[in-house]
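Notes follow once the structure below has been shown.
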Amino acid sequence: MNKISLSKLPRTDTVIEIAPYVLLAIWFGLKCLQLQSPYQIFSDAHISHQLSKGWLEGRPLLYDTYYGFHGRIHNYFFILLLGPVTWLVGIYGLFLVYILLTAYLFHRLWKANADWGNRKSVWLSLILYGLGPLAYLIFIDVFGWHPEQYFFPLMGLSALYLAQRKYVKAALCLFLVALVKETSPVLICGLLLFASITSDVLNKKELTLKAVLFSKRNLTIGVLCAGAFLVGILWLSYLNPYGSRLSQALTHLWVADSTTLFFFTVRYLIGASVLFVVLFLPFIPLLKPLPGSKWMAGFLCFYFLVMCIAFFVESLHYFPGFDGGLPYPTRVGSVLSVFFGCYIFLLLRAGSPEHPFTLYPSLWSTILQLTFSSVLVFHSWPFIETRKDLEKSLSHLLSGLQGDMYGDPDRQLLQKFAARLPRGSEVVAPDRYLSIFHKFYGSLPGRSEHRLEQPVLYVCESDTLSPGYIPCPVGEPQYQMYEGKNICIWIDKRWKNQFEKLVE
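Our numbering applies: residue -8 is where the sequence shown begins, and numbers increase by one.
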């Protein structure tokens, strides 16, 4: 039996260094499996995909087949920059950009962490904070995907460059953050104010509450960010004939039943309390040795409260439903982005090779994330229902995402159709089949008001069809029906020749 030379094994430093990239690669694979799973609702990912690339295919800016002119609801401008990527690789491009940005963030953090004597502990803490269970559940996003996911890597890079005093790069990253959504100024304000207070503490300035509240720099940050937020909300109110989501949320608040609102608020506060403990614990070893650390700790408490109030009001848009509140992946992800950005800034500015850093608070935070995951993030851990499905899905992933991982003849047939559809086609299909048409403009049956053109394909499940029901618009004879095993397919006769051999 051959002995393995210890010298040929990877060094611990190397394993630790590449750990975040391995994790991100696994995340990407799991996200691809999630997209293919018929058990998941992925509608928000399809919306993000349509918003990103529609402008490259002659469709209106920020338009989708679910809500129509989405630019009247949210200022999702950053997603437009991803158009060339999603145009080439489809919906997978949304995940790929996130993975690459986050990988680059950790690459820069590894380089910035080079001078620390206890480098491994610091690096593991960064991994547990930025790629722990909470971050994973936000990334998996049970609703598919949202443009707000990019807050995390962009806020992290902004904090990194601010800490390194590379202000041009920091300004560019903050500008990209501002493009993500109308709530961006709230996140930017939190990071900049924390950086300002931290800099004052480290410069050994004598701080008072009055000095913190009314310093010229802090007032400038607060006024500019508040102004930017107000302009964004007013712009959406102007575009939307029904008012912004903020005004709709406030309307729900005025007419809410007091008992329901009370329990809604209590549940919200419990989740927020657990979230604060989870996010604050890793700061303890950094704050403890610093004189004046009470100002930074106090600010984190204060700004967490500010964000909780802001997201509480936003969550009232979905009232009395609770899952649109703080546990909604985009909202808890926004809070994580601010805290992780502050953590990076404090680590790089206040840290030193002799800093008495300990990993235990980060480990406790990770344990709490696992224990209270159902409170912290609305999620579903498994998106594969049986062991047999898991085996098939892994085989499907390893084979390069070719074919159907569930052996469903209807899905296999629809994948062949998808391979022949002309670019820019609109397709109507139930949720469980929409992921097959992820490169196109899919919508659900019965929601025709936002379609821009006649769909090439209509797909309906046979057991949902009533006798004589035709999902195509009345008076549109250009469709021909074909039957699969459990589905019916209506094909636009203009493209009939491309599909005839597939349904013979």
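Using N, Cα and C, we set each Cβ at its ideal position, and we do this for glycine too.
Cβ neighbour criterion (16 or more within 10 Å) applied to residue i
i, result
"Val192", "buried"
"Ala162", "exposed"
"Lys279", "exposed"
"Thr362", "exposed"
"Ser356", "buried"
"Ile17", "exposed"
"Val368", "buried"
"Thr256", "exposed"
"Trp372", "Note that Trp372 scores a pLDDT of 48, beneath 50, so its modelled location is shaky and nothing firm can be said."
"Ser306", "buried"
"Pro51", "exposed"
"Arg414", "exposed"
"Ser116", "buried"
"Ile478", "buried"
"Asp55", "buried"
"Gly49", "exposed"
"Tyr89", "buried"
"Asp4", "exposed"
"Ser457", "At Ser457, the pLDDT of 48 sits below 50, so the modelled position is not reliable and the matter cannot be decided from this model."
Residue i versus the options, residue with shortest Cα-Cα distance
i, options, result
"Ser39", "Lys160, Leu119, Leu71 and Ala162", "Leu71"
"Ala169", "Leu210, Ala154 and Cys216", "Cys216"
"Leu350", "Leu272, Pro280 and Arg414", "Leu272"
"Ala341", "Ser284, His308 and Leu367", "Ser284"
"Phe19", "Ile131, His65 and Val113", "Ile131"
"Val214", "Pro176, Glu444 and Val76", "Pro176"
"Leu270", "Asn209, Gly316 and Val329", "Val329"
"Pro138", "Gln27, Asp483 and Gly62", "Gly62"
"Leu359", "Tyr12, Ala10, Phe267 and Phe205", "Phe267"
"Cys451", "Phe134, Arg423, Arg442 and Leu200", "Arg423"
"Phe428", "Thr250, Ser34 and Val6", "Ser34"
"Ser28", "Asp4, Leu425 and Gly475", "Leu425"
"Phe134", "Gln31, Glu197 and Ala94", "Gln31"
"Lys476", "Pro413, His441, Leu435 and Leu405", "Leu405"
"Leu354", "Leu338, Pro124 and Met146", "Pro124"
"Pro320", "Gln140, Phe331 and Phe220", "Gln140"
"Gly324", "Ala263, Thr211, Val419 and Asp55", "Ala263"
"Ile7", "Val297, Phe97 and Gly45", "Phe97"
"Met298", "Thr250, Ala410 and Leu182", "Leu182"
Cutoff 7 Å; reference residue i; Cβ partners in own chain excluding five residues on either side
i, result
"Ile188", "Val203, Trp286, Met287 and Phe290"
"Arg485", "Gln469"
"Ile129", "Pro320, Val323, Gly324, Leu327 and Val368"
"Arg442", "Thr56, Glu417 and Ser434"
"Tyr120", "Pro273, Phe331, Tyr334 and Ser353"
Sheet register partners of residue i (DSSP bridge)
i, result
"Cys216", "Bridge partners of Cys216: none, in fact."
"Asp483", "Tyr470"
"Glu497", "Any answer about residue 497 is impossible in this case: the structure gives the chain only from -8 up to 495."
"Val450", "Ile480"
Cβ shell of residue i (< 6 Å), same chain only, five flanking positions each side left out
i, result
"Gln393", "In this prediction, Gln393 scores a pLDDT of 46, lower than 50, which makes its location untrustworthy; the coordinate-derived value is nonetheless stated afterwards. Contacts found: none."
"Ser416", "Phe431 and Val447"
"Cys333", "Phe185"
"Leu47", "Gly74 and Trp78"
"Asn109", "Phe348"
"Trp481", "Tyr449, Cys463, Tyr470 and Met472"
"Ser206", "none"
Chain B contact for residue i (CB, 8 Å cutoff)
i, result
"Arg442", "Among the chains in the structure shown there is no chain B, since it carries only a single protein chain."
8 Å CB neighbourhood of residue i in its chain, flanking five on each side removed
i, result
"Tyr127", "Trp18"
"Asp483", "Gln445, Pro446, Val447, Leu448, Gln469 and Tyr470"
"Ile261", "Val366"
"Gln25", "Gln31, Phe33, Ile131 and Phe374"
Next on the checklist: Which runs of the alpha helix (DSSP H) at least 4 residues long sit entirely within the stretch 264 to 302? Give them in chain order.
Outcome noted: 275 to 278
Item to check | Completely contained beta strand (DSSP E) runs for the stretch 10 to 81, where each covers 3 or more residues | outcome: none
Checklist entry - Which whole runs of the alpha helix (DSSP H) in the stretch 157 to 184 are 4 residues long or more, in chain order? => result 158 to 171
Checklist entry - Which runs of the beta strand (DSSP E) spanning at least 3 residues fall entirely within the stretch 87 to 142, listed in chain order? => result none
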